[in-house]
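Written out below as structure tokens is the structure these notes cover.
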Amino acid sequence: MTAPLRSFLAEVVSAGTLLPEPERARWAVNGAIPSAVLMPSSEEEVGRILARASQEGWGVLPAGFGRWLAGGGGANVELVISTRRLRDVQEYEPADLTFTAGAGISLSSLAEATGANGQWLPLDPPGGEEGSLGAAVATGMGGPLGQWYGPPRDHVLGLTMVSGDGEVLRWGGRVVKNVAGFDVTRLCIGSWGALGVITSVSGRLFPLPEVDVTLILEGHQRFSLLPHARALALSSLPLAALELLDPLDWKEGGSRSPAGLVVRLLGSREEVEAMETRVPREAGDAGVFKRLEGEESRAFHGRLGRWEEGAGLVLRMVALPSLLGAVLRLVEDSQAQWKRFPAQEGLDVRVAAHVGAGVVRVAVWGISLEGDGLRGGWVEALSGLREVLEGMGGSLVLSSGPAPLVREVGTWGGRRVEKTLMQGLKRQFDPQGILAPGRFAG
Ligand SMILES: Cc1cc2nc3c(=O)[nH]c(=O)nc-3n(C[C@H](O)[C@H](O)[C@H](O)COP(=O)(O)OP(=O)(O)OC[C@H]3O[C@@H](n4cnc5c(N)ncnc54)[C@H](O)[C@@H]3O)c2cc1C
Numbered sequence: 004m005t006a007p008l009r010s011f012l013a014e015v016v017s018a019g020t021l022l023p024e025p026e027r028a029r030w031a032v033n034g035a036i037p038s039a040v041l042m043p044s045s046e047e048e049v050g051r052i053l054a055r056a057s058q059e060g061w062g063v064l065p066a067g068f069g070r071w072l073a074g075g076g077g078a079n080v081e082l083v084i085s086t087r088r089l090r091d092v093q094e095y096e097p098a099d100l101t102f103t104a105g106a107g108i109s110l111s112s113l114a115e116a117t118g119a120n121g122q123w124l125p126l127d128p129p130g131g132e133e134g135s136l137g138a139a140v141a142t143g144m145g146g147p148l149g150q151w152y153g154p155p156r157d158h159v160l161g162l163t164m165v166s167g168d169g170e171v172l173r174w175g176g177r178v179v180k181n182v183a184g185f186d187v188t189r190l191c192i193g194s195w196g197a198l199g200v201i202t203s204v205s206g207r208l209f210p211l212p213e214v215d216v217t218l219i220l221e222g223h224q225r226f227s228l229l230p231h232a233r234a235l236a237l238s239s240l241p242l243a244a245l246e247l248l249d250p251l252d253w254k255e256g257g258s259r260s261p262a263g264l265v266v267r268l269l270g271s272r273e274e275v276e277a278m279e280t281r282v283p284r285e286a287g288d289a290g291v292f293k294r295l296e297g298e299e300s301r302a303f304h305g306r307l308g309r310w311e312e313g314a315g316l317v318l319r320m321v322a323l324p325s326l327l328g329a330v331l332r333l334v335e336d337s338q339a340q341w342k343r344f345p346a347q348e349g350l351d352v353r354v355a356a357h358v359g360a361g362v363v364r365v366a367v368w369g370i371s372l373e374g375d376g377l378r379g380g381w382v383e384a385l386s387g388l389r390e391v392l393e394g395m396g397g398s399l400v401l402s403s404g405p406a407p408l409v410r411e412v413g414t415w416g417g418r419r420v421e422k423t424l425m426q427g428l429k430r431q432f433d434p435q436g437i438l439a440p441g442r443f444a445g
């Protein structure tokens with residue numbers, strides 16, 4: 004730790020803000036423990052810390068609870084600023100179905116606060132409900148519920164963000180139509196901490212559904228379920244989620260379970276019953292669906308939220324929904340290729356697709372970079388896969404993976420012109436370039 008940082012921590016940062024030394028290791032970013040983890044109690048305090056960090060050129064990583072700090076890559080982090088103490092529900096208007104809450108509130112605490120009035124925020128990002136609201140917005144990451152409710156950007160009405168040089172900026176508001184001009188709020192959604200620390204979020208809520216039913220169709224493998232998945236995605240049914248999983252039961256171990264098509268139905272009793280009778284028909288003579296209701300259904304989706312927990316490599320492949328078959332074929336070919344790399348005997352590849360959104364998540368267990376695995380195999384394979392996807396108009400994100408591999412391949416791809424635009428934006432919000440170092444760096 005440098006002398007200026009030590010004196011800043013001693014003189015400026017209050018005891019409650021500085022995380023005790025022994026707990027710091029859990030906040031390592033790509034294997035490197037930051038010099039300090041700060042948990043400010045107000046956005047003004049966030050501003051003071053960032054203004055000083057900007058002057059000194061200290062690298063800062065914004066965070067919620069620190070459960071996914073390696074995602075997004077990056078390096079050289081001196082300070083982590085966690086929003087964990089900014090967790091109040093600041094405003095809640097049940098009659099307007101709107102709220103404003105600190106970015107550090109967990110999605111489960113928010114659900115508790117709004118559930119008392121029969122309302123919810125239908126966001127189910129990977130990692131489950133224990134993640135922070137701010138992180139869901141900063142990563143722009145939704146989950147299966149995006150099929151019907153849309154991604155996080157559709158739920159956010161406004162936010163407060165502290166820029167790299169410490170200015171507190173507010174955009175949007177609590178009303179559903181609130182933009183007259185350029186919508187800066189949306190720019191911040193998915194900015195991965197590179198533009199500022201999001202300190203509070205205003206969002207819109209939905210009435211809690213009366214009934215929660217999940218129907219599961221088992222199939223020999225993912226390709227045999229694809230026609231049914233397509234038929235359902237193109238039907239007029241308002242499905243809350245439509246997921247293709249291979250294998251269906253990822254915790255089973257031993258012999259591999261079959262693939263599954265998971266259909267979630269939410270709504271009033273009458274609505275769900277009407278949908279339920281239509282699903283097998285609309286899916287095209289799809290055979291027998293298993294049925295889960297209420298707590299069983301919720302528990303299934305809770306487990307699905309933590310689906311990639313412990314995987315060594317997580318990829319997010321995106322293309323037009325009509326290209327889902329082609330993307331799944333690419334995964335199949337890649338799997339066969341990866342297994343031929345040296346020391347990959349224990350490789351286990353699992354796939355979960357958000358059918359309607361054209362997103363295919365691939366989680367890989369047992370990846371090894373031993374021998375020439377990094378240079379001779381994985382880097383070329385993943386770079387090649389990204390090139391093919393980008394050629395199809397899609398993208399490949401390395402959501403997490405071994406640090407040397409992520410460094411070589413890069414978390415995001417994208418064209419030069421997009422990267423230049425993002426870097427220009429970053430300079431406006433973070434003139435000294437201290438935030439989320441290495442992310443969107445080109
Ligand atoms: C098992 C598991 C699997 C996951 N899989 C994925 C995945 O595949 N893809 C994916 O994108 N995410 C994934 N996540 C992350 C998840 O979507 C949520 O972002 C995370 O769970 C939120 O938890 P957190 O508060 O600990 O976020 P953190 O880990 O603290 O932060 C997550 C990211 O958001 C940024 N961030 C957090 N808060 C703010 C803020 N207030 N302002 C600005 N930036 C901020 C951080 O810099 C970091 O990059 C996974 C999480 C878990 C636990």
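If you want the working numbering, it's the position in the sequence shown, counting the first as 1, plus 3.
For each residue, glycine too, the CB sits at the ideal point set by N, CA and C.
- Taking Gln224 as the centre and dropping the five residues before and after it, the same chain places the C-beta of Ala262 closer than 6 Å to its C-beta, in chain order.
- Straight through space, the alpha carbons of Thr280 and Arg294 are spaced by roughly 12 Å.
- In this structure, DSSP gives Ile52 a helical state, which the three-state scheme calls helix.
- DSSP places Arg294 inside the beta strand (DSSP E), whose first and last residues are 292–296.
- Distances from the CA of Val204 to each of Ala234, Arg173, Leu218 were compared; the closest alpha carbon is that of Arg173.
- Looking at Ser135, Glu299, Gly176, the one whose alpha-carbon comes closest to that of Ala106 is Ser135.
- Taken through DSSP and simplified to helix, strand or coil, Gln58 comes out as helix.
- Within the segment 17–102, the complete alpha helix (DSSP H) segments at least 4 residues long are 46–59, listed from N- to C-terminus.
- Of the candidates Arg301, Gly305, Leu242, Val412, Leu242 places its Cα closest to the Cα of Glu276.
- If you compare the alpha carbons of Glu24, Ser44, Glu59, Val49 with that of Ala6, the shortest gap goes to Glu59.
- Assigned with DSSP and collapsed to three states, His357 falls in strand.
- Val358 sits away from Met320, with the two beta carbons spaced by 8 Å or more.
- With a cut-off of 7 Å, the C-beta of Leu385 is classified as distant from ligand 1, since no heavy atom of the ligand falls inside that distance.
- Residue pairing of Pro210 in beta bridges, as defined by DSSP: Gln122.
- Taking C-beta atoms under 8 Å as the contact rule, Gly77 and Gly441 qualify, at a distance of about 4 Å.
- Note on geometry: alpha-carbon atoms of Arg272 and Val214 lie some 6 Å from one another.
- In the structure shown, Trp151 falls within a helical segment according to DSSP collapsed to helix, strand and coil.
- DSSP, reduced to helix, strand and coil, places Trp368 within a strand of the structure shown.
- Per DSSP, the beta bridge partners of Glu246 are Val265, His357.
- In the DSSP assignment, Thr280 falls within the unbroken alpha helix (DSSP H) covering 272–285.
- Shortest gap from the CB of Val200 to any heavy atom of ligand 1: under 7 Å.
- Residue pairing for Ala104: DSSP places it in a beta bridge opposite Val92, Val204.
- Judged by beta-carbon spacing, Leu399 lies within the 8 Å limit of Leu388, meaning their Cβ atoms are closer than that value.
- Here the distance from the Cβ of Gly417 to the nearest heavy atom of ligand 1 is not below 7 Å.
- Boundaries for Arg442: no alpha helix (DSSP H) harbours it, and the DSSP string shows neither H nor E there.
- Proximity of the beta carbon of Trp195 to ligand 1 is indicated: a heavy atom of the ligand is located closer than 7 Å.
- Gly19 and Leu41 have their C-alpha atoms spaced approximately 9 Å apart.
- Between Ala329 and Gly396, the C-beta spacing is not below 8 Å.
- In the structure shown, Leu323 falls within a coil segment according to DSSP collapsed to helix, strand and coil.
- Relative to ligand 1, even the nearest heavy atom lies 7 Å or more away from the CB of Met425.
- With contact defined as three or more Cβ pairs closer than 8 Å, the segment 124–133 and the segment 144–157 are in contact.
- Shown here, Asp127 sits in coil according to DSSP, grouped into three states, outside any helix or strand.
- Rounded to whole angstroms, the separation of the alpha carbons of Arg88 and Glu14 is 20 Å.
- When DSSP states are grouped into helix, strand and coil, Trp195 belongs to the coil group.
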